[in-house]
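If you read the sequences in order, they're chains U and Z. For the first sequence, the UniProt record's numbering gives the first residue as 1, with consecutive numbering after it. For the second sequence, the UniProt record's numbering gives the first residue as 1, with consecutive numbering after it.
2 protein chains.
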Amino acid sequence: MNEVHIGGMRFELDLSKPLYEQVLTQIRSSIAKGEIALGEKIPSVRELAQALKITPNTVMRAYQELERDRLTETRRGQGTFITTNADTVETIRNNLAEEAVQEFFEKMHSIGFTWDDIQQLIRQKGGNPS
Amino acid sequence: MNEVHIGGMRFELDLSKPLYEQVLTQIRSSIAKGEIALGEKIPSVRELAQALKITPNTVMRAYQELERDRLTETRRGQGTFITTNADTVETIRNNLAEEAVQEFFEKMHSIGFTWDDIQQLIRQKGGNPS
DNA sequence: CAAGTGTATCAAGTGATATAATACACTTTA
DNA sequence: TAAAGTGTATTATATCACTTGATACACTTG
Chain U
1 MNEVHIGGMR FELDLSKPLY EQVLTQIRSS IAKGEIALGE KIPSVRELAQ
51 ALKITPNTVM RAYQELERDR LTETRRGQGT FITTNADTVE TIRNNLAEEA
101 VQEFFEKMHS IGFTWDDIQQ LIRQKGGNPS
Chain Z
1 MNEVHIGGMR FELDLSKPLY EQVLTQIRSS IAKGEIALGE KIPSVRELAQ
51 ALKITPNTVM RAYQELERDR LTETRRGQGT FITTNADTVE TIRNNLAEEA
101 VQEFFEKMHS IGFTWDDIQQ LIRQKGGNPS
């Protein structure tokens, strides 16, 4: 229960992966799910850093990656805002999905699962979705 | 084309992930796919290290993890051998598959894909399996 | 002007990974 | 019995990604 709620987003950090990566994916998740509105302002670097008890540098790294993907727009002196372009969000969402699918199939094939094996396994999980 | 074939297995190392992890997964893949027979001897630590141009220590780390999973049996002075227990292989295979499925669904849900979205996406790929 | 933004830089520390060298216990084979 | 080939352990060293902490600068708003 190491949760932090701030700026309409939920954060939960652990040591399994780099902190900047977790911050990045959890903000991206909020955007993709529409939990945070387009054009909305997200917490400042310092503010989020303090809330998460990490360094502004680490938050900064996550914010910069978001901006590279055009998911946010930063205005010097004002703050960081979610993009107003819905197409950008949709594109990123589809890219992430495609990557996830690709990685999934590669992993399954590497342990000898055929296409039919996978389909059957997915249908099986269909009766009991998580 | 940085491939190495040895002991009936194919290796290809890069810098994207730890070397010991790549050696581990590629041997495990050979076992799961049945590309290497049960009970068969795999290259010695020093032999594989030389072939892959890495340190025996790194190969050793991969071998130890394989043995922890009971996928191999090591006999001091003789070498390392694939387990003769088919059930062990099948169990590991299913565990890996379950993990892959779990991770896939979590990743998809985190970007706002519902169960139906995923099913549709899978079927769509069904017409064009990779 | 003051406070709050993003941004850049630097020094330092930590942990995982990998290398290199050496040594020991064991088994097989000549 | 001796030698060669096994797995295994230890130690020292190096590198890299990540993170922290501190400081500073440019900009915007009130």
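Here a beta-carbon is modelled for each residue, glycine too, at the ideal position from N, C-alpha and C.
- Where U:F11 is concerned, the enclosing beta strand (DSSP E) starts and stops at 9-12.
- Z:S110 belongs to the set of residues whose beta carbon lies under 9 Å from a beta carbon in chain U.
- Between U:V59 and the set U:G8, U:M9, U:R46, U:L71, the nearest pair of CA atoms involves U:R46.
- Burial is judged here by how many other beta carbons sit within 10 angstroms of a residue's own beta carbon; U:K53 has fewer than 16 and is exposed.
- Closest by C-alpha distance to Z:Q26, out of U:K33, U:G7, U:I111, U:D69, is U:I111.
- Taking a contact as a CB-CB distance under 8 Å, the pair U:L71 and U:T84 does not count as one, their CB atoms being some 11 Å apart.
- Bridge partners of Z:F81 according to DSSP: Z:K41, Z:E73.
- Setting aside the 5 residues that flank it on each side, Z:G79 is surrounded in the same chain by K41, I42, S44, each with a C-beta closer than 8 Å to its C-beta; the list follows chain order.
- Per DSSP, U:I92 lies in no beta strand (DSSP E) segment; the continuous alpha helix (DSSP H) that holds it begins and ends at 86-110.
- Going by C-alpha positions, Z:N94 is about 13 Å away from Z:D69.
- Z:T25 belongs to the set of residues whose beta carbon lies under 9 Å from a beta carbon in chain U.
- In this structure, DSSP gives U:E3 an extended state, which the three-state scheme calls strand.
- Taking every protein chain shown into account, the CB of U:A86 has fewer than 16 other CB atoms within 10 angstroms, so this residue is exposed.
- Put simply, the CB of U:I36 is far from chain Z, with every gap to its CB atoms at 9 Å or more.
- The C-alpha of Z:E73 is placed about 9 Å away from the C-alpha of Z:G39.
- Listed along chain Z, the residues sitting closer than 7 Å to U:F113 by beta-carbon distance are A97.
- Within its own chain, the residues whose Cβ lies closer than 7 Å to the Cβ of U:L24, once the five positions on either side in sequence are excluded, are A62, E65, L66, listed in chain order.
- Approximately 6 Å separates the beta-carbon atoms of U:I36 and U:I82; this is inside 8 Å, confirming the contact.
- In this structure, the beta-carbon distance from Z:K107 to U:L96 falls below 9 Å.
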